[in-house]
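The opening residue of the sequence shown carries number 5 in our numbering; numbering runs sequentially from there.
Positions of the beta carbon are idealized from the N, C-alpha and C atoms, including for glycine.
The model shown is predicted, which means the values in this text are computed figures rather than measured ones.
Read the structure below first, then the notes.
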Amino acid sequence: MIISLLLIVVGFAGLIFGANWIVDGSSALAKKNNISDLVIGLTVVAFGTSAPELVVNSVASANGLSDIVMGNIIGSNNFNLFIILGIAGLVYPITVQSSTAWREIPISLIITVVLFFLANDFFLNPDSEISRVDGILLFTGFIFFLYYVFKQIKTEKTEISPYQEKSNFKIWGLILIGLAGLIIGGKLVVDNSIDIATELGVSQKIIGLTIIAAGTSLPELLTSIVAAIKKNSDLAIGNVIGSNIFNILLILSISSLINPVSFNDNFNQDLAILFGGTVFLIVAMFTGKRKKLDRWEAFLLLAFYLIYTIYIVSKEL
5 MIISLLLIVV GFAGLIFGAN WIVDGSSALA KKNNISDLVI GLTVVAFGTS APELVVNSVA
65 SANGLSDIVM GNIIGSNNFN LFIILGIAGL VYPITVQSST AWREIPISLI ITVVLFFLAN
125 DFFLNPDSEI SRVDGILLFT GFIFFLYYVF KQIKTEKTEI SPYQEKSNFK IWGLILIGLA
185 GLIIGGKLVV DNSIDIATEL GVSQKIIGLT IIAAGTSLPE LLTSIVAAIK KNSDLAIGNV
245 IGSNIFNILL ILSISSLINP VSFNDNFNQD LAILFGGTVF LIVAMFTGKR KKLDRWEAFL
305 LLAFYLIYTI YIVSKEL
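Below, the structure is given as structure tokens:
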């Protein structure tokens, strides 16, 4: 089991470094073609932080490991909301822009509700699953969300920051090595997580909700903590809410297009926690200091999810 744990760590390192190299190479390529920083941030960097979830879920879906697919999506979203925002909010109270409080957080809430209905198939299918049709619906939602984001920044002044030009050889080298790191890292994480689950006698659901979800959320964790230290509240919370929307609309849609994803009813409890946490965040924005996540509220988020994680793991051990 120690070897499996070490290989998971190596896999996560491959995912994170691979994503960074792809971002570096793609950003250099974009700047070489006079594409603005804002567009690069919304596309290349967003892909970079979502790449670990995308690769792990694609590998898991191709192998028919539905509990790992759903566990990673729901677990990553809960980890982002409770752990990352909790830690970031303790570092520095998070104040958000009006548009984030009024629009993006409620959008995240609505998408969670949509996922609940699609996954449970109340009206269309006796078998609970995210079908390929559901995947197309979610991906369509992702296209609309991208349109909304680009529309939001349409009036903003876009700049191309100074940069040191890289050769085409170096650019494509970074992209290809990064891609290799993602693919190898993703496979190492999935294969060895299954080995650990089998050895410990715990379900793939728990492994997906804990080890894999936490590992694939490391880019978001680092981004939000650095943003909080620099007192950049917009980035700290925007990174989390954006990632949660991406995970459901993009990552899950692609996973279900590769293979329909069976839905374990036990995940409804975790979806309910995600829904409740998002409602708590909305309420926090409008109580006390307006549109601010205070330290005590951040502590509640963090403490609750740590206790919940210990509870669900102890039930299976």
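Residue i, enclosing alpha helix (DSSP H) - first and last residue
i	result
Pro-264	Neither: Pro-264 is in no alpha helix (DSSP H) and is coded neither H nor E.
Glu-301	299–320
Gly-190	172–204
Leu-253	It is not in any alpha helix (DSSP H) - Leu-253 carries neither H nor E in the DSSP assignment.
Phe-121	109–124
Ile-211	208–211
Leu-275	271–289
Gly-219	217–220
Beta-bridge partners of residue i, as assigned by DSSP
i	result
Glu-133	Ser-266
Cβ neighbour criterion (16 or more within 10 Å) applied to residue i
i	result
Asn-82	buried
Met-5	exposed
Leu-108	Checking the sequence, you will find Glu at residue 108 rather than Leu. Looking at its Cβ environment, which holds 16 or more other Cβ atoms inside 10 Å, Glu-108 is buried.
Tyr-96	buried
Ile-311	exposed
Val-287	exposed
Ile-314	exposed
Ser-318	exposed
Ile-233	exposed
Lys-155	exposed
Glu-169	exposed
Asp-274	buried
Asn-248	buried
Glu-359	Nothing can be reported for residue 359, as the shown portion of the chain is limited to 5 through 321.
Gly-79	buried
Val-117	exposed
Lys-235	exposed
Ala-240	buried
Thr-291	exposed
Ile-115	buried
Thr-202	exposed
Thr-53	buried
Ala-231	buried
Gly-205	exposed
Ser-70	buried
Pro-264	buried
Contacting residues, own chain, Cβ-Cβ under 8 angstroms from residue i (five flanking each side not counted)
i	result
Leu-94	Arg-299, Ala-302, Phe-303 and Leu-306
Val-283	Leu-113
Ser-62	Gly-190, Ile-258, Ser-259 and Ile-262
Phe-183	With the sequence shown as reference, residue 183 is identified as Leu, and Phe is not the correct amino acid for it. Result list for Leu-183: Gly-22 and Ile-26, in chain order.
Phe-271	Met-74, Gly-75, Ile-78, Ala-123 and Lys-209
Residues near residue i by beta carbon distance below 6 angstroms, same chain, minus five either side
i	result
Leu-225	Ile-88
Asn-196	Ser-8, Leu-11 and Ile-12
Ala-66	Ile-262
Ala-64	Ile-72, Val-73 and Val-194
Leu-297	Gly-93, Ile-98 and Ala-288
Leu-254	Phe-146
Leu-119	Ile-252
Leu-85	Gly-281
Asn-243	Glu-224, Thr-227 and Ser-228
Phe-267	Ala-123, Ser-132 and Glu-133
Other residues of its chain near residue i: CB distance less than 7 angstroms, five sequence neighbours each side excluded
i	result
Ile-175	Gly-29, Ala-32 and Leu-33
Val-60	Asn-76, Gly-190, Val-193, Val-194, Ile-216 and Thr-220
Leu-256	Ile-77, Ile-134 and Leu-142
Gly-139	Ser-257, Ser-260 and Leu-261
DSSP state of residue i mapped onto helix, strand, coil
i	result
Lys-234	coil
Thr-99	strand
Lys-296	strand
Gln-156	helix
Phe-16	helix
Met-74	helix
Asn-61	helix
Leu-150	helix
Leu-225	helix
Asn-38	coil
Leu-69	coil
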